[in-house]
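*Asks:*
Residue numbers (the UniProt record's numbering): 1 to 510.
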């Protein structure tokens, strides 16, 4: 979606409230040259100085609202993002040292400190910057839950793929390969671990004495030397997710991401793209068991999230969907991307999604040509996407005292009006829109008759009867194609169907 993300987030509330499984954003870091969102900020320098009690003191910043402007920009967007998140959803926000303190305060206020899962350290740079006392080689990723209880309830589904190496032991008893893991209780009494003697070994243990005895009788606890171990089977490991740490030094570097994007796009297009491995890690953590969920990035930049979603769908299957929002920021006249024909940032992201999708399809087709006898072909994931642009309403409102004969703006298409009404009705923007003929009349069917739109002249009573027999949830008709008689007939036709089916049909004209 091309447009100011604040307005877009507002428009998405009805259709996507509580539906987004994961949000990732990489907002402006407020470094002085990346702040392009022109919200109206209320604080003046004088007001800031007065409120902060700094009157009569020198101030190093030339703008008293230097950080306040950034916070004022971020606050409503994060607030709206929280409303879009599912109850078991999560949000990741990348930031550098410049605003990490303020971001944490904002996130604590909006999401609640109790929902802060971690501040992750992502190593984004390998080289050393010698122009500073300490070379800043990492970014911080604020990781918050919408509702920590809901996320805890599905904790076993969160994490990375299990490590299946080191399962070298096998008792040939049908249980399969295993490895030995300690059963001592780290932390001892401080963690409340029980202390007792078992098999001649005294210490703090992970389990109660009764549980230890039961596991021993089942052949799961063994003694090696003066230590006790539990058998951890590979079959059990396959059913669990590997816990992630807060130190991410293997989730891709910015320099590598830049090189890969350059190769994909046929030239330099974006200075600091996020590594695709970073976004894939988040998707593996949060969406592994939700393979038909929706994820979102409303500072989408070079569209790394979309690329990562398609890769994950390819690797694990599923129909994860993405919503990206980006301001169509005009590129600098000297930007390298200009030489490749790009005028704004959205064009780069859209082309990246196309090329990434084409590459995935090409690679799968090539693999399917080399299948062994009896081997099933790899399924090609959905790599299609829609591009929408934020604009004013295409439906005119009549002015007091004036008769409005045509309510649709002359420069708007049928699909413009359909998408606008889908938003107002709370329908997802990915729903299929299909042209269909009913009794020779061409209309539109959205999401399997969830909405039928009549936009063209020539609508008849017979056609309305046939539309009503489809029992759609909603019907939209342009006011300009109806006369008074046809309006009354439409009301009576759909009312009869409602009485017969006991199903409400939402009928609207614009």
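Glycine included, C-beta positions come from ideal geometry on N, C-alpha and C. On a predicted model such as this, the values are computed, not experimentally measured, just so you know.
Might you give, ordered along the chain, the residues of its own chain that have their beta carbon closer than 8 Å to the beta carbon of residue 481, omitting 5 neighbours on each side?
*Replies:* The residue given as residue 481 occupies position 481 in the chain shown. If we look at residue 481 and ignore the five residues flanking it on each side, its Cβ neighbours are 454, 455, 456, 457, 458 and 459.
*Asks:* Which of the three DSSP states, helix, strand or coil, is assigned to residue 284?
*Replies:* Mapped onto the chain shown, residue 284 falls at position 284. It is helical.
*Asks:* Quick check on DSSP: helix, strand or coil for residue 17?
*Replies:* Here the question's residue 17 lines up with position 17 in the chain shown. Three-state result, residue 17: coil.
*Asks:* Go ahead and pull the three-state DSSP assignment for residue 326.
*Replies:* Mapped onto the chain shown, residue 326 falls at position 326. In the structure shown, residue 326 sits in a strand (DSSP, three-state: E or B).
*Asks:* Helix, strand or coil for residue 76, going by three-state DSSP, please let me know.
*Replies:* Position 76 of the chain shown, counted from the first residue, corresponds to residue 76. Here residue 76 sits in helix by DSSP.
*Asks:* Which two residues bound the contiguous beta strand (DSSP E) that contains residue 207?
*Replies:* The residue you call residue 207 lines up with position 207 of the chain shown. If you look at residue 207, you'll find it isn't in any beta strand (DSSP E); DSSP assigns it neither H nor E.
*Asks:* Give the list of continuous alpha helix (DSSP H) stretches no shorter than 4 residues that lie fully inside the segment 226–299.
*Replies:* 234–237, 254–265 and 276–287
*Asks:* Report all residues from its chain with a CB closer than 8 Å to the CB of residue 169; omit the five preceding and five following residues, and keep chain order.
*Replies:* Position 169 of the chain shown holds residue 169. So the qualifying residues of the chain are 177, 178, 179, 180 and 231.
*Asks:* Quick one: measure Cβ to Cβ for residue 438 and residue 467, integer angstroms, because I've assumed they're closer than 8 Å.
*Replies:* Numbered from 1 along the chain shown, position 438 holds the residue referred to as residue 438. Numbered from 1 along the chain shown, position 467 holds the residue referred to as residue 467. About 6 Å separates the Cβ atoms of residue 438 and residue 467, confirming a contact at the 8 Å cut-off.
*Asks:* If you follow the alpha helix (DSSP H) that residue 494 is in, where does it begin and where does it stop?
*Replies:* Position 494 of the chain shown, counted from the start, is the residue given in the question as residue 494. Start and end: 484–501.
*Asks:* Are the segment 261–272 and the segment 343–354 touching by the rule of at least three beta carbon pairs closer than 8 Å?
*Replies:* yes
*Asks:* Taking contact to mean 3 or more Cβ pairs, one atom from each stretch, closer than 8 Å, check whether the segment 314–321 and the segment 290–302 are in contact.
*Replies:* Yes, the segment 314–321 is in contact with the segment 290–302.
*Asks:* If you run the structure through DSSP and keep just helix, strand and coil, what is residue 383?
*Replies:* As a first step, residue 383 is located in the chain shown; it is residue number 383 there, counting from the start. For residue 383, the three-state secondary structure derived from DSSP is coil.
*Asks:* Taking the C-alpha atoms as reference points, what is the distance between residue 15 and residue 436?
*Replies:* Residue mapping note: residue 15 aligns to position 15 of the chain shown, counting from 1. Residue mapping note: residue 436 aligns to position 436 of the chain shown, counting from 1. Between residue 15 and residue 436, the C-alpha separation is close to 24 Å.
*Asks:* Do you know offhand how far residue 216's Cα is from residue 274's?
*Replies:* Position 216 of the chain shown, counted from the first residue, corresponds to residue 216. Position 274 of the chain shown, counted from the first residue, corresponds to residue 274. Those two C-alpha atoms are separated by around 49 Å.
*Asks:* Check whether the segment 75–83 and the segment 104–114 are in contact - that is, three or more C-beta pairs closer than 8 Å.
*Replies:* yes
*Asks:* So, under 8 Å CB-CB, residue 17 and residue 83 are touching, yes? Tell me the CB distance rounded to an integer number of Å.
*Replies:* Residue 17 sits at position 17 when you count from the first residue of the chain shown. Residue 83 sits at position 83 when you count from the first residue of the chain shown. Yes, residue 17 and residue 83 are in contact; Cβ-Cβ is about 6 Å, under 8 Å.
*Asks:* Across which residues does DSSP place residue 224 in a beta bridge pair?
*Replies:* The residue you call residue 224 lines up with position 224 of the chain shown. Looking at the DSSP assignment, residue 224 forms a beta bridge with 227.
*Asks:* Residues in the same chain with beta-carbon distance under 8 Å from residue 312, minus the five sequence neighbours each way, listed in chain order, please.
*Replies:* As a first step, residue 312 must be located in the chain shown, where it is residue number 312. Excluding sequence neighbours, residue 312 sits near 280, 283, 284, 287, 318 and 320.
*Asks:* Using only alpha-carbon positions, find the residue among 448, 394, 340 and 323 that is nearest to residue 386.
*Replies:* As a working note, residue 386 is residue 386 in the chain shown. Minimum Cα distance to residue 386 is reached at 323.
*Asks:* The alpha helix (DSSP H) with residue 422 in it runs from where to where?
*Replies:* Position 422 of the chain shown, counting from 1, holds the residue named residue 422. Looking at the DSSP string, the run of the alpha helix (DSSP H) that includes residue 422 is 414–425.
*Asks:* Tell me which same chain residues have a C-beta within less than 6 Å of the C-beta of residue 296, skipping the five on either side of it?
*Replies:* As a working note, residue 296 is residue 296 in the chain shown. Hits under 6 Å: 20, 23 and 323.
*Asks:* Can you tell me the Cβ-Cβ gap for residue 110 and residue 142, rounded? I've got them flagged as a contact below 8 Å.
*Replies:* Within the chain shown, numbered from 1, the residue matching residue 110 stands at position 110. Within the chain shown, numbered from 1, the residue matching residue 142 stands at position 142. Not quite, the Cβ-Cβ distance comes to about 11 Å (not below 8 Å), so this is no contact.
*Asks:* Look at residue 381 and residue 360 and say whether their C-beta atoms are less than 9 Å apart.
*Replies:* On the chain shown, residue 381 is found 381 positions in, with the first residue counted as 1. On the chain shown, residue 360 is found 360 positions in, with the first residue counted as 1. Yes.
*Asks:* For a test of the three-state rule: what should DSSP assign to residue 86, helix, strand or coil?
*Replies:* As a working note, residue 86 is residue 86 in the chain shown. It is a strand residue.
*Asks:* List the DSSP bridge partners of residue 121.
*Replies:* Within the chain shown, the letter at position 121 stands for residue 121. Among the bridge pairs identified by DSSP, residue 121 is matched with 140 and 247.
*Asks:* Find out if the Cβ-Cβ distance for the pair residue 233, residue 167 is shorter than 9 Å.
*Replies:* Along the chain shown, one-based indexing puts residue 233 at 233. Along the chain shown, one-based indexing puts residue 167 at 167. Yes, the Cβ-Cβ distance between residue 233 and residue 167 is below 9 Å.
*Asks:* Using a Cβ-Cβ cut-off of 6 Å (strictly less than) and excluding sequence neighbours within five positions of residue 507, which residues of its own chain qualify?
*Replies:* Reading the chain shown from its first residue, position 507 is the one you call residue 507. Contacts found: 475 and 494.
*Asks:* Is residue 217 near the ligand NAP - that is, is its Cβ less than 8 Å away from at least one heavy atom of it?
*Replies:* Of the ligands one can find in the structure shown there are none, so the ligand NAP has no counterpart to examine.
*Asks:* Measuring straight from C-alpha to C-alpha, what distance separates residue 211 and residue 241?
*Replies:* The count along the chain shown starts at 1 and reaches residue 211 at position 211. The count along the chain shown starts at 1 and reaches residue 241 at position 241. Rounded to the nearest angstrom, the two C-alpha atoms are 24 Å apart.
*Asks:* Return the Cβ separation of residue 88 and residue 390 in integer angstroms, given the expectation that the two are a contact with Cβ distance under 8 Å.
*Replies:* Counted from its first residue, the chain shown places residue 88 at position 88. Counted from its first residue, the chain shown places residue 390 at position 390. Contact flag wrong, Cβ pair sits at about 29 Å.
*Asks:* Counting only the same chain and skipping the five closest in sequence on each side, list residues whose C-beta sits under 7 Å from that of residue 504.
*Replies:* Reading the chain shown from its first residue, position 504 is the one you call residue 504. Result list for residue 504: 498, in chain order.
*Asks:* In whole angstroms, what separates the C-alpha of residue 117 from that of residue 357?
*Replies:* Within the chain shown, residue 117 is the residue found at index 117, counting from 1. Within the chain shown, residue 357 is the residue found at index 357, counting from 1. Each residue's alpha carbon lies about 33 Å from the other.
*Asks:* Cutting at 7 Å between CB atoms, please list the residues of its own chain near residue 97, excluding the five before and the five after it.
*Replies:* Residue mapping note: residue 97 aligns to position 97 of the chain shown, counting from 1. Correct list, in chain order: 136.
*Asks:* DSSP three-state label for residue 439, please.
*Replies:* To locate residue 439, count along the chain shown from 1; it is residue 439. Reduced to three states, the DSSP call for residue 439 is coil.
*Asks:* Would you kindly work out how many angstroms separate the C-alpha atoms of residue 510 and residue 300, rounded to a whole number?
*Replies:* Sequence index remark: in the chain shown, residue 510 carries index 510 (1-based). Sequence index remark: in the chain shown, residue 300 carries index 300 (1-based). The alpha-carbon atoms of residue 510 and residue 300 are separated by roughly 34 Å.
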